[in-house]
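Undergrad:
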Amino acid sequence: MAIMEGGDAVGRYLQKLRRSWLPIIVVTLLAAVALSELRSPYVPLALWLGAVLAILAISSGVVARLPRENTAEAEREEEQGVSESLIAGVRSGLAVLDTPVFILDRNASVLFENSAAEKAFGTLAVGSHISGRLRSPGLLDVIRETIATGQPNQVEHSERLPSERVFIVRIALAEMQGQASAPLYILSFRDVSELRRIDRMRSDFVANASHELRTPLASLRGFIETMQGPARDDPKARERFLGIMLDQATRMSRLVDDLMSLSRLELRANIAPDQKVDLVPLLGHVRDSLLPLAQDLDIEINLHMPAEKVEVIGDRDELVQVFQNLVENACKYGQDGKVVDVFLRANPGKPVEVGVVDKGPGIPAEHVPRLTERFYRVSVADSRSKKGTGLGLAIVKHILTRHRARLIIRSELDVGTDFTVRF
């Protein structure tokens, strides 16, 4: 350490001295020329001294370059060079990650962002401050704290546009062994939007299921208490209350059946069916089973199907449940149109499709994306008056997911609604 400090001191001395040697050399040479005119015996001595000074000046230029690391400019150049080499070393590894990652310097300026970060947050110019895109005060505070202390930190960060996303953001000092350079910081984003959505759906599901079960149970309890008390000796009231109680018990039974169906479907969601099912007789069976409902609602169900077989890979009972739900919904909610058309399309080179079309009032566009959510209803009053549980389309979606099929919903107000199953 003492040797290094001594070398630095010599270098600094030579550097200062070098700045004053040029005029000294010039003066010495001029003196030699003047003495030569005077025929002085000191001419050889002056020339020798000038030559020595010139040699020392040239050699000191080399020596003076050695301790440049002590200057601010040299520090910046070396820091930039080492940082660039480190970034180049990790760039290839971070570029292939599907997690957004930034590399920041000690000023929170962006030195690198991978393609996932560009896709999630847009392109940030190298050298721009991270706050140019991420303006959350909590996130910026965490970044500043880590840069100041060197300790890793994490925080939850939400993005509202273009869609709601939630990230767990972690920032930590990048420790590079054997490298003496400016510190680098890794800022990474873990997307937990789907986990948050599932948690919210789970809590909503429990709340909605409890509410749906509580309503018929409260009705049953109220009528039972009435029949045990004021209506004990009133045959007409007892008969009317028993009919209402039967309806509430039936509603509760349907709800429990639908919940159990959803549970079974979720357990088997990853197991694709492997049987061949002919859709022509299947759709005929669905229409026949719903004819009593259609007659009560004064609805006509028309089938438009080819004469030959149309086979798909699937589970027959589950597909019956899918089309029963779709046709029943079309009859109940599109009864104003008086007609429900079922189209089976099987064109060569194209996927098999089954379309259920009604001529009802239609569904507002803002409700269409959420129709397959559990307990979601466009109109709660209409759904309950038509004895719906709010789970029918959720069951349809789960069955079609297991069958690797899609449900496409098109609706126009005052025109009607088209539910199409594409295999």
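The opening residue of the sequence shown carries number 7 in the working numbering; numbering runs sequentially from there.
Glycine is no exception: its CB is placed at the ideal position from the N, C-alpha and C atoms.
What residue does the alpha helix (DSSP H) around H404 start on, and which one ends it?
TA: Where H404 is concerned, the enclosing alpha helix (DSSP H) stretches over G398 to R408.
Undergrad: Do you know how far the Cα of L309 is from the Cα of L296?
TA: Roughly 13 Å separates the two Cα atoms.
Undergrad: Quick check on Q157: does DSSP put it in helix, strand or coil?
TA: Looking at Q157 - three-state DSSP - the assignment turns out to be coil, as it is neither helix nor strand.
Undergrad: Could you check which residue in L419, G138, I109 and F173 has the C-alpha nearest to that of A371?
TA: Checked all of L419, G138, I109 and F173; the closest Cα to A371 is L419.
Undergrad: Let me check understanding here. Comparing Cα to Cα, which of L413, D304, K282 and S142 lies closest to V316?
TA: Nearest of L413, D304, K282 and S142 to V316, Cα basis: K282.
Undergrad: Are I174 and V198 closer than 7 Å when you measure CB to CB?
TA: Yes, the Cβ-Cβ distance between I174 and V198 is below 7 Å.
Undergrad: Just checking my contact of V360 with F329 at CB under 8 Å: how many whole Å lie between their CB atoms?
TA: Right, the Cβ-Cβ distance comes to about 7 Å (below 8 Å), so this counts as a contact.
Undergrad: How would you call I305, buried or exposed, if buried means at least 16 neighbouring beta carbons within 10 angstroms?
TA: Per the 10 Å Cβ criterion, buried.
Undergrad: Given this structure, state the Cα-to-Cα distance separating E379 from P354, to the nearest angstrom.
TA: If you take the alpha carbons of E379 and P354, they lie about 34 Å apart.
Undergrad: Alpha carbon to alpha carbon, how far is V286 from E170?
TA: Taking the straight line from one Cα to the other gives about 43 Å.
Undergrad: Mind checking who N308 pairs with in its DSSP beta bridge?
TA: According to DSSP, which records beta bridges pairwise, N308 is partnered with D347.
Undergrad: Could you tell me the alpha carbon to alpha carbon distance between R112 and P189, rounded to whole angstroms?
TA: Taking the straight line joining both Cα atoms gives about 6 Å.
Undergrad: Going by the DSSP bridge assignment, what does H163 pair with across the sheet?
TA: BP columns for H163 point to F173.
Undergrad: Starting from the Cα of R412, find the closest Cα among T105, V427, A255 and N159 and give me that residue.
TA: The candidate whose alpha carbon is nearest that of R412 is V427.
Undergrad: Excluding the five sequence neighbours on either side, which residues of its own chain have a C-beta within less than 8 Å of the C-beta of A275, listed in chain order?
TA: Here the set comprises H404, T407 and R408.
Undergrad: Are R244 and A255 touching if we call contact CB-CB under 7 Å?
TA: No, the Cβ-Cβ distance between R244 and A255 is not below 7 Å.
Undergrad: Look at the alpha carbon of T423 and the alpha carbon of D342, and state the distance between them as a whole number of angstroms.
TA: Using only the alpha carbons, I get a separation of about 12 Å.
Undergrad: Suppose you measure from the CA of A131 to the CA of V116; what does that come to, to the nearest Å?
TA: Their Cα atoms are separated by approximately 7 Å.
Undergrad: So, at 7 Å on beta carbons, what are the nonlocal neighbours of K332 in its own chain, with the 5 sequence-adjacent residues on each side left out?
TA: With the sequence shown as reference, residue 332 is identified as Leu, and Lys is not the correct amino acid for it. If we look at L332 and ignore the five residues flanking it on each side, its Cβ neighbours are V362, V402 and F425.
Undergrad: Do G144 and L179 have their C-beta atoms closer together than 7 Å?
TA: No, Cβ-Cβ distance for G144 and L179 is not below 7 Å.
Undergrad: Please confirm whether S164 and V107 have their CB atoms less than 7 Å apart.
TA: Cβ atoms of S164 and V107: not closer than 7 Å.
Undergrad: How many whole angstroms separate the CB atoms of Y382 and G396, which I take to be in contact at a CB cut-off of 8 Å?
TA: Contact flag correct, Cβ pair sits at about 7 Å.
Undergrad: Should A122 go down as buried or exposed, given a rule of 16 or more other Cβ atoms within 10 Å for buried?
TA: Buried.
Undergrad: Going by DSSP, what residues sit across from R196 in a beta bridge?
TA: Bridge partners of R196: I174.
Undergrad: Which of helix, strand or coil does DSSP assign to T232?
TA: If DSSP states are grouped into helix, strand and coil, T232 belongs with the helices.
Undergrad: When the distance is taken between beta carbons, is V172 closer than 7 Å to R202?
TA: Their beta carbons are under 7 Å apart, which means R202 touches V172 by this criterion.
Undergrad: In terms of residues, what are the limits of the alpha helix (DSSP H) holding I319?
TA: Segment E317 to I319 is the beta strand (DSSP E) holding I319; no alpha helix (DSSP H) there.
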